[in-house]
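Remember, my numbering sits 82 above the position in the sequence shown when you count from 1.
See below for the structure under consideration.
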Amino acid sequence: MKLTFKNRINKKSYIFSFIDSHLIHYPTPINLTYAWSFGSLAGICLVIQILSGILLATHYIPDIRYAFNSIQFIMRDAPNGWLIRYIHANGASMFFIVVYSHICRGLYYGSYIKPRHWIWCSGVVLLLLMMGTAFTGYVLPWGQMSFWGATVITSMVTVIPIAGQYIAEWLWGGYVIREPTIRRFFVVHYLLPFIIAGVTIIHLALLHKEGSNNPLGSDFNGDILPFYPYFAIKDIFAFACFSLFFGFFVFYYPNYLNHPDNLIRADSLKTPAHIVPEWYFLPFYTILRVIPHKTGGILAMFGSIVILLTIPFTNKSKIRNTTFRPIFKLFFWLLVIDFLVLIWVGQQDMGIQIYQKIGVVATFYYFSFFICLPIIGYVETFFLKTLMKK
Ligand code: HEM
């Protein structure tokens with residue numbers, strides 16, 4: 083077949099119609115608020131992390147002898163290296179702020195409820211992949227926290243009966259964290275963002291199959307607008323505001339979210355006074371530490387993330403928007419406060435009893451929320467039916 087201009091256009095028309103139906107004419111509920119911009123912001127964060135990460139990789143050396151120095155070189159000598167590094171390091175925190183807000187939005191507006199349950203589940207997979215990426219990335223500067231954080235976390239696999247020690251050695255590439263460990267962490271850290279990008283496409287395909295939820299939580303087919311220009315403009319404005327917030331950290335407090343001990347080269351003979359992970363891991367770290375049993379703590383820590391997968395299936399309420407669910411609303415806001423308390427306790431010295439106690443209460447509430455979810459739904463539905471009969 084002769085490749086005429088018309089044929090070429092026809093071939094390209096698949097791509098055009100794909101872009102058109104998913105980005106331009108995607109039918110969007112008219113009443114979406116800025117809470118719906120966190121999804122696009124998360125996508126932008128991913129792009130920023132991938133681009134800045136590739137630039138950093140042009141100077142970074144994944145070798146325990148040179149890793150720390152290569153970071154110093156990036157910060158002092160590489161052209162604009164300091165800027166790229168601060169964007170990447172603070173970008174990770176921004177990504178988590180955006181994604182935690184995105185999850186909160188989903189929880190508040192019942193976006194996890196059928197038919198969007200698989201969108202929610204693919205989101206939890208994204209969260210786990212993000213955590214893996216952040217963890218492997220934090221090891222690369224080869225500071226004290228990098229080394230000791232990696233030691234604590236990778237040693238957790240030793241609780242697996244029989245195979246545990248073998249798995250740990252396989253992860254490390256030796257008997258301790260050494261040369262092969264940092265190289266394989268670098269490979270995984272480089273690879274995971276592209277897997278996240280792939281899963282994000284699945285996440286969006288699932289979203290576009292079902293259509294977006296809306297602040298009322300109603301299943302309405304009318305009152306929709308094309309995504310472009312109405313919501314594209316809204317997302318661009320959200321991005322402008324987000325850039326100011328991001329820029330404030332990059333230019334004024336670039337090390338505020340970093341631990342000062344990570345500015346010291348890793349030393350396997352000097353354990354830091356407190357081993358603390360990045361702030362976004364603190365809630366899960368608290369759960370790990372308040373449980374006195376080692377295996378129990380590790381299971382509870384992983385369980386606290388995986389439990390998010392259960393809520394689309396355990397929820398018993400048909401009402402999506404929390405504004406119309408008075409009992410759930412109380413539980414929801416307590417969960418938000420509880421999550422902040424878990425972050426705060428995570429940085430404290432657990433040797434002090436009061437922090438230990440607060441941590442236990444906060445952990446207890448965290449799991450209670452998910453266990454009580456079906457009961458809250460039943461109770462609310464029961465009251466609603468009784469009121470309607472009257
Ligand atoms: C790399 C991380 C993520 C990216 C890039 C991402 C991206 C997006 C985008 C662009 C949207 C559409 C806009 C919006 O509704 O906000 C969306 C919707 C959604 N996301 Fe995510 N997301 C991520 C992580 C998550 C996580 C961790 C969860 C939950 C555990 C989640 C759950 C959802 C749900 C339920 C919707 C549908 C929202 C609705 O229609 O109300 N996402 N996501």
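Don't be surprised by glycine CBs; every beta carbon is placed ideally from N, CA and C.
None of these values were measured; they are calculated from a predicted model.
Opening and closing residue of the alpha helix (DSSP H) in which Ile136 lies: Taken as a continuous stretch (DSSP letters only), the alpha helix (DSSP H) holding Ile136 covers 120-139.
Residue(s) in a DSSP beta bridge with Leu307: Thr110
Secondary structure of Gly205, DSSP reduced to three states: Three-state DSSP puts Gly205 in a helix.
Buried versus exposed, by CB contacts within 10 Å (16 or more), Gly280: exposed
Closest residue to Ile315 among Gly214, Gly246, Ser119 (Cα-Cα distance): Ser119
Beta-carbon proximity of Ile166 to Leu138, cut-off 8 angstroms: The answer is yes: Cβ separation under 8 angstroms.
heavy atom of the ligand HEM below 7 angstroms from Ser193 C-beta: yes
Distance between Phe465 and Phe276 (C-alpha atoms, nearest Å): 47 angstroms
For Arg266, three-class secondary structure by DSSP: Here Arg266 sits in helix by DSSP.
Where Arg187 sits in the DSSP three-state scheme: helix
Inter-residue spacing [alpha-carbon to alpha-carbon] between Leu209 and Leu273: 16 angstroms
Cβ shell of Ile425 (< 7 angstroms), same chain only, five flanking positions each side left out: Cβ contact annotation for Ile425 (same chain, cutoff 7 angstroms, sequence separation greater than five): Trp361, Leu364, Pro365, in chain order.
Segments assigned beta strand (DSSP E), at least 3 residues, entirely inside the segment 275-333: 306-308
Beta-carbon gap between Phe217 and Ile235 smaller than 8 angstroms: yes
DSSP three-state assignment for Arg167, whether helix, strand or coil: DSSP places Arg167 in helix when its eight states are reduced to three.
Residue environment, Val129, which counts as buried when at least 16 other CB atoms sit within 10 Å: exposed
DSSP-derived helix/strand/coil call for Arg198: coil
C-alpha distance - Phe384 paired with Ser95, whole-angstrom precision: 45 angstroms
Per-residue DSSP class, three states only, for Gly225: strand
First and last residue of the uninterrupted alpha helix (DSSP H) at Leu469: 435-471
Closest by C-alpha distance to Tyr108, when choosing among Cys323, Val418, Phe313, Val270: The residue with the shortest Cα to Cα distance from Tyr108 is Phe313.
C-beta contact flag for Phe309 and Leu105 at 8 angstroms: Between Phe309 and Leu105, the C-beta spacing is below 8 angstroms.
Straight-line gap, Thr240 to Cys454 (C-alpha atoms, nearest Å): 33 angstroms
Under the three-state DSSP convention, the category Arg147 falls into: coil
Range covered by the alpha helix (DSSP H) that runs through Met383: 376-388
Meets three-Cβ-pair contact criterion under 8 angstroms: the segment 185-193 and the segment 288-301: The segment 185-193 is in contact with the segment 288-301.
Distance between Leu307 and Ile101 (C-alpha atoms, nearest Å): Rounded to the nearest angstrom, the two C-alpha atoms are 16 angstroms apart.
The segment 330-343 contacting the segment 143-163, beta-carbon criterion three pairs below 8 angstroms: no
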